[in-house]
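Asks: Counting in my numbering, the sequence shown runs from 1 upward without gaps.
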Amino acid sequence: MSKLLSTPARVRPRHSIDLRDRLQGYALYLAGCLVFASGATLFIHSGLGVDPLDVLSLGLLEHFPLTIGLAQALIAAVCIVIWSVWNRRRPVVMPFVTFLLCGSLIDLMLLADLGWFASVPSLVVAVLLCSYGSALIIMSGTGIRAMDLIVISLNQRLKVPFWAAKVGVETVLLALGWLLGGPVGIGTLAFLIFVDGLIQPFMAFNTRTLHLTNHGLASPGGVGAPVLEGVR
Numbered sequence: 001m002s003k004l005l006s007t008p009a010r011v012r013p014r015h016s017i018d019l020r021d022r023l024q025g026y027a028l029y030l031a032g033c034l035v036f037a038s039g040a041t042l043f044i045h046s047g048l049g050v051d052p053l054d055v056l057s058l059g060l061l062e063h064f065p066l067t068i069g070l071a072q073a074l075i076a077a078v079c080i081v082i083w084s085v086w087n088r089r090r091p092v093v094m095p096f097v098t099f100l101l102c103g104s105l106i107d108l109m110l111l112a113d114l115g116w117f118a119s120v121p122s123l124v125v126a127v128l129l130c131s132y133g134s135a136l137i138i139m140s141g142t143g144i145r146a147m148d149l150i151v152i153s154l155n156q157r158l159k160v161p162f163w164a165a166k167v168g169v170e171t172v173l174l175a176l177g178w179l180l181g182g183p184v185g186i187g188t189l190a191f192l193i194f195v196d197g198l199i200q201p202f203m204a205f206n207t208r209t210l211h212l213t214n215h216g217l218a219s220p221g222g223v224g225a226p227v228l229e230g231v232r
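#1: Within 10 Å of its beta-carbon, does Thr98 have 16 or more other beta-carbons around it, so buried, or fewer, so exposed?
#2: Shortest alpha-carbon distance to Leu212 belongs to which of Met139, Pro52, Gly143?
#3: From which residue to which residue does the alpha helix (DSSP H) around Gly103 run?
#4: From the DSSP output, in three-state form, read off Ile80 for me.
#5: Rank Val172, His45, Leu176 by C-alpha distance to the C-alpha of Leu61 and give the top, closest one.
#6: Hey, quick one: how far does the alpha helix (DSSP H) through Leu176 stretch, first residue to last?
#7: Is it the case that the stretch 182-193 contacts the stretch 66-78, given that we only count it when at least three CB pairs across the two stretches are under 8 Å?
#8: Less than 8 Å between the CB atoms is what I'm expecting for Gly59 and Gly182, so what's the real figure, rounded?
#9: Let me make sure I understand the geometry here. Which of Leu210, Gly216, Asn214, Ala164 has the alpha-carbon closest to that of Ile234?
#10: So, with DSSP's three-state summary, where would you put Val227?
#11: Quick one, which of Arg20, His63, His45 has its alpha-carbon nearest Trp116's?
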């Protein structure tokens with residue numbers, strides 16, 4: 001009995017834990033992109049308004065000879081530069097991978113016949129999917145969207161609650177887009193209020209109920225150290 005008590009428990013090798021966490025992070029990332037793209041597709045199908053990023057993108061198109069893709073890439077680049085200078089870290093490229101991946105998935109999903117899905121129910125489901133997909137991408141710590149990198153920095157450095165930082169950043173995008181002539185609809189406000197407001201509760205649910213590791217934030221809404229792919 002004393003021998004049993006004195007024998008140390010078998011400890012799982014550190015490298016196996018790191019590999020498991022990394023694989024979980026990639027799985028969360030891919031699932032998040034798929035879920036977010038599904039929600040974005042339904043947002044477009046609803047015809048009730050676009051998200052704040054698209055409002056700014058379409059506003060830029062009113063004044064510059066760009067495409068939506070180029071406008072969004074430009075906005076992402078500006079956000080990454082701000083994040084890089086603020087945190088004194090090298091710029092990251094994975095947000096552009098997320099941009100291309102989600103965009104490609106949306107293009108594919110728009111080929112489906114969604115005529116049976118009415119506008120208002122489509123908007124409701126879109127809100128849930130976009131918020132949950134965003135939560136998964138942030139929790140993955142991989143390819144976090146450029147705007148969300150700034151949100152995380154606000155959360156860490158200035159201790160702004162995650163949901164408040166998220167709404168604040170998206171409001172800035174929305175205001176700039178509206179001033180430039182971008183379209184604003186009820187769907188835009190739904191995205192700003194509900195999608196941005198639900199991301200933090202969904203992260204908390206995934207952590208506490210599904211026991212998923214939050215690689216993007218040590219604790220949703222807290223001031224944790226992010227584990228960002230390519231920024232360690």
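Cβ coordinates follow ideal geometry from the N, Cα and C atoms, glycine included.
Replies: Checking against the coordinates, here is how it stands:
#1: buried
#2: Met139
#3: 94-109
#4: helix
#5: Leu176
#6: 162-179
#7: no
#8: 3 Å
#9: The structure shown does not extend to residue 234, since the chain is modelled only from 1 to 232, so the question has no answer here.
#10: Reliability of the predicted coordinates at Val227 is poor, the pLDDT of 44 falling under 50, and the value obtained from them is presented with this limitation in mind. Three-state DSSP puts Val227 in coil, outside helix and strand.
#11: His45
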